[in-house]
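Written below as structure tokens is the structure these notes are about.
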Amino acid sequence: MSYPLSVIMVSANFHPYVGGAEKQALELSVALKRRGVAVRVFTRRVGGLPARDEVRGVPVERLWCAGTGFINALTFMLSLGLWLLRRSAQYSVVHVHLAGSPALPAVLVGRLLGKRVLLKLGGGRGIGELAASRNSFSGRLKLSILFWLKPQFVAVTHDVAQECAQVLGTVPVVVQPNGVDTARYHPVSSEEKKALRQKLGWPEGLAFLYVGRFSPEKRLDWFLRIWSQSKNGSSFVALVGQGPEESKLRALSSSRILILPPMEDIQQAYAAADVFILPSISEGLSNALLEAMASGLPVLGSRVGGTAEAVEEGTTGLLFDPQDGRALEKNLERFVLEPGLAERMGMAARDRVVQTYSLELVAQSYEKLYRL
């Protein structure tokens with residue numbers, strides 16, 4: 000027998016400040032609301048934003064916090080903990096996105112009140128939250144408290160679930176992948192693709208696309224050097240995003256290497272491209288990866304984390320060991336030299352996402368987790 004669900008989504012940052020975790024929090028909230036689940040998002044009040052708001056139909060509460068750094072985190076923790084204690088009748092589940100400082104009051108209050116609490120871990124193995132927390136006293140203390148309180152941990156990949164077991168020991172952890180809106184991200188016809196290329200000012204040829212943060216672990220400069228040395232024919236590379244590596248990448252730009260700022264209508268970039276690239280040294284389950292696959296793009300990526308789990312090698316994309324530049328070069332050349340390969344794998348990638356990673360399926364799985 001089912002019972003009414005009222006879910007509090009907790010995220011230290013939220014729209015309009017959007018990263019991967021914040022994007023998933025919003026998309027999941029919207030999908031759950033469509034399923035009849037009462038959802039509210041709790042986040043920090045920053046930047047003069049209103050205390051109460053609504054984003055795509057989802058109510059957002061921005062709680063008081065003060066100062067910066069540690070003081071800001073501490074006051075947000077206090078605000079969140081007090082609200083959860085005082086309004087216990089208004090929710091049945093707390094879903095915390097990322098194991099940052101807000102996780103502590105959410106998990107503690109949930110334990111005191113007997114509420115169901117889910118804690119979603121972020122980042123890839125070795126570079127995500129678990130690895131970072133082990134490098135400081137406060138981080139290790141936080142992990143010890145979480146181990147003692149034992150919320151329901153959620154990992155987006157089996158890789159991260161294994162790391163959770165290694166770092167925290169015996170805790171409840173379930174693998175639940177991210178989801179993607181397969182209606183918004185979808186393939187287009189060759190005529191539409193050509194028109195989008197012209198609109199975006201892209202050259203002709205096979206388009207390799209990256210979307211995301213320009214950070215060292217993505218190894219985009221390494222990819223560009225290998226692409227430049229390969230038999231790349233009339234192909235070109237478009238990198239869309241921003242981050243600390245931007246100046247280094249712009250130094251490598253040319254008429255065939257496009258370094259582009261973030262796009263509001265990013266689905267147009269996916270639709271205009273042919274192959275999605277993700278040469279990361281470590282990876283969770285990238286939103287951009289799923290968006291690209293839903294858009295009908297095959298993946299050329301390193302065999303790590305969520306990429307290795309989402310991509311069926313030889314069917315929905317081509318993978319390479321993260322340190323093997325020669326394997327990357329061979330896979331690059333396959334896409335360039337084999338007519339129809341990108342399109343064929345792209346169709347399979349779309350099918351894979353619809354069957355496994357659609358937002359509706361993920362929302363349904365979360366609803367089951369909430370009711371356990």
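Numbering (numbering that gives the first Met the number 0), first residue to last: 0 to 371. Positions of the beta carbon are idealized from the N, C-alpha and C atoms, including for glycine.
Query                                                                                                               : Result
Under 8 Å between C-beta atoms of Tyr369 and Arg115                                                                 : yes
Counterpart residues of Tyr209 in DSSP-defined beta bridges                                                         : Leu238
Three-state class that DSSP yields for Glu53 in the structure shown                                                 : strand
Contact under 8 Å by Cβ, Leu277 with Ala237                                                                         : no
Span of the alpha helix (DSSP H) around Met292                                                                      : 286 to 293
Coil, strand or helix - Ala72 by DSSP                                                                               : helix
Beta-bridge partners of Thr355, as assigned by DSSP                                                                 : Looking at the DSSP assignment, Thr355 forms no beta bridge with any residue, so it has no partner.
Inter-stretch contact at 8 Å, needing at least 3 Cβ pairs: the stretch 182 to 195 / the stretch 291 to 306          : yes
Cβ contact (3+ pairs, closer than 8 Å) linking the stretch 209 to 218 and the stretch 236 to 256                    : yes
Beta-carbon spacing of Ala287, Thr314 below 8 Å                                                                     : no
C-alpha distance - Leu31 paired with Ala362, whole-angstrom precision                                               : 6 Å
Nonlocal neighbours in the same chain, by C-beta distance under 8 Å from Leu219, ignoring five residues either side : Tyr209, Phe213, Leu238, Glu244, Leu248, Pro278
Bounding residues of the alpha helix (DSSP H) (the contiguous stretch that carries Ser189)                          : 189 to 199
Inter-residue CB distance, Leu83 and Val92 (contact presumed, cutoff 8 Å)                                           : The pair is not a contact, with the Cβ atoms about 12 Å apart (cut-off 8 Å).
Cα-Cα separation between Pro338 and Leu327, rounded to whole angstroms                                              : 18 Å
Euclidean distance between Cα positions of Leu140 and Glu21                                                         : 25 Å
Closest by C-alpha distance to Ala291, when choosing among Ala341, Val38, Ser135                                    : Ala341
Straight-line Cα distance separating Trp63 from Ser285                                                              : 31 Å
Proximity of Val172 and Leu142 at Cβ, strictly below 8 Å                                                            : no
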